[in-house]
Each structure stands twice: as C-alpha cells, then as structure tokens.
Amino acid sequence: RKEVEQDPGPFNVPEGATVAFNCTYSNSASQSFFWYRQDCRKEPKLLMSVYSSGNEDGRFTAQLNRASQYISLLIRDSKLSDSATYLCVVMVISGGYNKLIFGAGTRLAVHP
Amino acid sequence: EPEVTQTPSHQVTQMGQEVILRCVPISNHLYFYWYRQILGQKVEFLVSFYNNEISEKSEIFDDQFSVERPDGSNFTLKIRSTKLEDSAMYFCASSEDLGHGYTFGSGTRLTVV
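Read top to bottom, the protein sequences are chains G and V.
Take 547 as the starting number for the first sequence in the numbering used here and just add one per residue.
Take -4 as the starting number for the second sequence in the numbering used here and just add one per residue.
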C-alpha cells in the first residue's frame, strides 16, 4: 500500500467550478499534514497546512480526518491560475527528526 | 519573502563523474533536507540534516551520496560516480522547526549522459 495515495487526475474543470481532491495516508504516526502545489518542472510550494478542525484560506479549504486517515482539499471558484499539480504531503516525526512523505499528486487543469 | 537558493539550475554530467549540488537555506532555519524527483514521478526523501549531522536518510541515499555544511550558509549534496538513473530534479529544503512546513529551493535539474 502506498504511504500517501491520491487520485492522479487530471481534473479538467471550467473556470468558476468547485473541485475537491482526496488523499489517504497509511502511516498512523503521521503528525503534520500539508497541501503543496507544484507547477510543471518547478519546486513544490506550500499551499496550506491541514488541521482536524479544518482550515480555510480564501477559496481553499482543507480538512483532516485522523480516524480514517483521510485528507481533503476543496477549491472554490476555480481560476485559470489554479492549474497545477496538488501534492498531498504528510510529515512523520520520530526521534526528534522529521521527513515529508509526498503523494504522487493530482493534476488540475482549469479551462476558460 | 526568504528563499532557499540552489545552484546550478541545470547540470549535465557524464556517467561516472562526481557532481556537487549547492544550496543556501533560509538563514534562521535549523533543519535541512534534500529531496529528488525523477521526471513524471513523485517527490522522494533523500536525507535530513540537523546540528551538523545526518539525522535520517532513505534507502536511495547510499554510499555514493554525501552531504555537507562546509560553512554557516551552504548545504551541499555530493554524488560520486553518477549513474544514468541519478538523472532527476534535486530539491533542497529547509525548515525552522519540527512540524513546520518546508520551504523548497527551485531545484537543480541533473542530467547524466
């Protein structure tokens, strides 16, 4: 089983659409959770951290369900500039050290 | 906004040669990392570095790889005797503290021919 699993997409949506991405993780010791965005051949950029209480940043809403080891990202009112690959990322912390484990990403293409 | 800086942006090397990839992490960050991404694949952890020593490394990070922080600002990844399968994008990252999201550099694209 993959450590972090995402639907690869692509999701092709018109501008203004609402789109939801899902992610599951297998390591119950995962302690921090993030969504990163990656444009083609660029570095991953932190979009937002994810908390059990849910958090919102403008058009973006992220949610974590620890019991089912499930993470989601909702994008409202999609813009052309939202086209990118969205990476679900978990952080495992042990022995005072940490590392990020990346999903393979979900591609989003927003069209006019 | 503070940045992680990586040089060079693109390196082409012949198989068997040694390469050094350079990174300047954000100045007040304490934790440093190298990740790689083979074209079309996911981002993979290579190594983490804290307090001037390796804290964790992956199976990928075998004896051909080494990291160093030679001075107060640079953080380097050395690959000895490169192989074709080392061709990838190598990302350096740093974080201020455990549990914080990382800031990634723009990457070095390594092509081994």
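For each residue, glycine too, the CB sits at the ideal point set by N, CA and C.
1) Quick one: does E602 of chain G have its CB under 9 Å from some CB of chain V?
2) Do Q1 of chain V and C87 of chain V come within 9 Å of each other at the CB atom, strictly closer than that value?
3) Output needed in chain order: residues of the stretch 81 to 97 of chain V with a Cβ under 7 Å from some Cβ in chain G.
4) Quick check: the Cα distance between V62 of chain V and S629 of chain G, rounded to an integer number of angstroms?
5) Going by Cα to Cα distance, which pick from G:S614, G:T570, G:G649 and G:R622 is closest to P560 of chain G?
6) Quick one: Cα of V7 of chain V to Cα of E80 of chain V, how far?
7) Please report the straight-line C-alpha distance between N558 of chain G and K37 of chain V, rounded to a whole angstrom.
8) Less than 9 Å separating the beta-carbons of V14 of chain V and K52 of chain V?
9) When DSSP builds the beta bridges, which residues end up paired with N573 of chain G?
10) So Y616 of chain G is in the beta strand (DSSP E); what residue range does that whole segment cover?
11) Determine whether the Cβ of P556 of chain G lies closer than 9 Å to any Cβ atom of chain V.
Per the coordinate set shown:
1) It does not: the Cβ of E602 of chain G has no partner Cβ on chain V nearer than 9 Å.
2) Going by C-beta atoms, C87 of chain V is nearer than 9 Å to Q1 of chain V.
3) Going along the stretch 81 to 97 of chain V in chain order, one finds F86, L93, G94, G96 and Y97 with a Cβ nearer than 7 Å to chain G.
4) Rounded to whole angstroms, V62 of chain V to S629 of chain G spans 35 Å at the Cα level.
5) Nearest C-alpha to P560 of chain G: G:R622.
6) The straight-line gap from Cα to Cα measures roughly 13 Å.
7) CA-CA distance, N558 of chain G to K37 of chain V, rounds to 21 Å.
8) The Cβ-Cβ distance between V14 of chain V and K52 of chain V does not fall below 9 Å.
9) Paired residue(s): none; N573 of chain G is not in a bridge.
10) Element bounds for Y616 of chain G: Y616 to I621.
11) For P556 of chain G, no Cβ of chain V is located within less than 9 Å of the residue's own Cβ.
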